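> Sharing a structure, written as structure tokens. Questions coming.
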Amino acid sequence: MMGTIRMGPYTIETSHEDKVIYPDIGATKGEVIDYYRSIADTMIPHMRERPLTMHRFPEGIKGEDFYQKEAPDHFPDWIDRVEIPKREGGSNIQVICSNAATLVYVANQGSITNHVWLSRMERLEYPDKLVFDLDPPSRSGQRAVRAAALALRELLTSLDMYPFVMTTGSRGMHVVVPLRREHDFDHVREFSLQVAKAVVNDHPAEFTIEHRKEKRKGRLFLDYLRNAYAQTSVAPYSLRARKGAPVAAPVHWYEVEDGSVGPQTFSIDTILARVEEEGDPWNGFGRHARSMNKARKKVASKLDETRGE
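Each residue of the sequence shown is one higher than the one before, starting from 20 at the first, in this note's numbering.
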């Protein structure tokens, strides 16, 4: 089934709208496109100016999938692009999802899940947010995920930072901190490692920064590794390729505290009503950006005190 969607000055020719993308609930490609069209006004502020990596499922979530960074040649000229210098030399051209039409267009191309950089196109080396990725150490480890998120919030708040939290729609949660663009990725990564170390020092039996799974001994890994050049994290309100069409959903901290939300609480069937009723918990995210300067000194001092005990 073919169709045409007009969005402002842009026309998008859709195809195979009746193709089933989520077999367990019967959700079709047309419904995926409709979802992204409906959520666009809320989602685009979290994607604008950020290089996009598309996770494409042309035949649905049970079919072959692939990640695509490079902007295909057939994408229309009205889609924004940016040239990305590679650390090893050369460059590639990536899509910038700067408007609702682009979001709908890539959905029609089979991009079910959208991942974005932690920096923006005009200053690629300088992130304006950092991320901690929290996945459970076992299938029954959601209590540990909540505990890790709250422990990070406690420490980050003590450093005068302003953390936000999101369910990933997959296995865990992301704790995300808006930053002023004063430091490059190397410094931000080092700061995120220091924060993770400080939390582990406070909760050594629960959390770890050990990369190797066999050495974690059931503890939750405070994953700070996404804080690097060319790394991405799932965009807020993006669908995930899992049963039930779950969504990466920004949530309130009180929902983490009371345990009322989990990684897949919200889905294609529920998130639009939630946003309509409550708005976006991350509204104004960038206005809370803080400098890392004092926070770096504070966390370094905390680590020094721990070593001296």
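Glycine is no exception: its CB is placed at the ideal position from the N, C-alpha and C atoms. Computed from a predicted model, the values in this text were never measured in an experiment.
Counting along the chain, where does the beta strand (DSSP E) carrying F151 start and finish?
From DSSP, the beta strand (DSSP E) with F151 extends over 148-153.
> Under DSSP, the beta strand (DSSP E) around E102 begins and ends at which residues?
That run of the beta strand (DSSP E) goes 99-104.
> Three-state secondary structure (DSSP) at T284?
It is coil, neither helix nor strand.
> Looking at the structure shown, is L174 part of a helix, part of a strand, or coil, going by DSSP?
Here L174 sits in helix by DSSP.
> Pull up the CB-CB distance for E102 and I112, whole angstroms please, since I reckon it's below 8 angstroms.
Confirmed, Cβ separation roughly 6 angstroms.
> Express the C-alpha separation of Q128 and H65 in angstroms, rounding to a whole number.
Their Cα atoms are separated by approximately 21 angstroms.
> Could you tell me whether the stretch 184-196 touches the stretch 141-154, using the rule of 3 or more Cβ pairs below 8 angstroms?
Contact between the stretch 184-196 and the stretch 141-154 is present, because at least three Cβ pairs lie under 8 angstroms.
> Count the other C-beta atoms from every protein chain shown that fall within 10 angstroms of the C-beta of K148, then say buried if there are 16 or more, exposed otherwise.
It is buried - the Cβ of K148 has at least 16 other Cβ atoms within 10 Å.
> Per DSSP, L212 is paired with what?
For L212, which the question treats as bridged, DSSP gives no partner whatsoever.
> By alpha-carbon positions, which one of E83, Q250, I228, A170 ends up nearest to D205?
Of the candidates E83, Q250, I228, A170, the one whose C-alpha sits nearest the C-alpha of D205 is Q250.
> At 3 residues or longer, what runs of the beta strand (DSSP E) sit wholly inside the stretch 108-148?
Listed in chain order, the complete beta strand (DSSP E) runs (minimum 3 residues) inside the stretch 108-148 are 110-115, 130-136.
> Do you know how far the Cα of S189 is from the Cα of S265?
Residue 265 is actually Pro in this sequence, not Ser. Straight-line Cα distance between these residues: approximately 7 angstroms.
> From D43, G45, I98, pick the residue whose C-alpha is nearest to that of M26; which is it?
Nearest option by C-alpha distance: I98.
> What's the C-alpha gap between R245 and V51?
The straight-line gap from Cα to Cα measures roughly 27 angstroms.
> With Y55 as the anchor, note down where its alpha helix (DSSP H) starts and where it stops.
Start and end: 48-62.
> What are the partner residues of F204, as DSSP defines its beta bridges?
Paired residue(s): none; F204 is not in a bridge.
> Could you give the distance in angstroms between the alpha-carbon of L171 and the alpha-carbon of L178?
Going from the Cα of L171 to the Cα of L178 covers about 11 angstroms.
> Please go through the same chain and pick out, in chain order, the residues whose beta-carbon is closer than 6 angstroms to the beta-carbon of S34, but skip the five residues on each side of it.
Once the five neighbours on either side are set aside, the close Cβ partners of S34 are M21.
> Identify whether I40 lies in helix, strand or coil by the three-state DSSP scheme.
I40: strand per DSSP, three-state reduction.
> Given V270, which residues of its chain have a CB within under 7 angstroms of its CB, disregarding the five upstream and five downstream residues?
The residues are V184, M185, T186, V280, P300.
> Give the straight-line distance between the Cα atoms of R231 and Y181, rounded to the nearest whole angstrom.
Going by the C-alpha atoms only, they are around 30 angstroms apart.
> Do the stretch 77-90 and the stretch 287-302 make contact, defined as three or more Cβ pairs closer than 8 angstroms?
No contact exists between the stretch 77-90 and the stretch 287-302.
> I'd like the list of long-range same chain contacts for I58, defined as Cβ closer than 8 angstroms, with 5 residues on each side in sequence excluded.
Around I58: Y256, I290, L291, V294.
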